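A short write-up of the structure that comes next.
Residue numbers (our numbering): 1431 to 1496.
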């Protein structure tokens, strides 16, 4: 009887693991994709802002030189 209960606990544990896996994965994947997209967008924004700053600096330098 004790052995049976241990097996039952193991089975329940496995079922719980599988259920949580199936619940977590569909939530995690979009989150990961979203994080990656946000990171890429942030990189783009940073690089573009740096490029804009560099351009404005160069135009300012050009304006200074007659």
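Note that the Cβ used here is the ideal one computed from N, Cα and C, for glycine as well. Fair warning: this is a prediction, and the values are worked out from it, not measured in the lab.
Residue i beta carbon near the ligand COA (any heavy atom closer than 6 Å)
i, result
"residue 1439", "What this structure holds is no ligand at all, so the ligand COA is not there to describe."
Own chain, CB closer than 8 Å to residue i, minus 5 neighbours either side, in chain order
i, result
"residue 1491", "none"
"residue 1466", "none"
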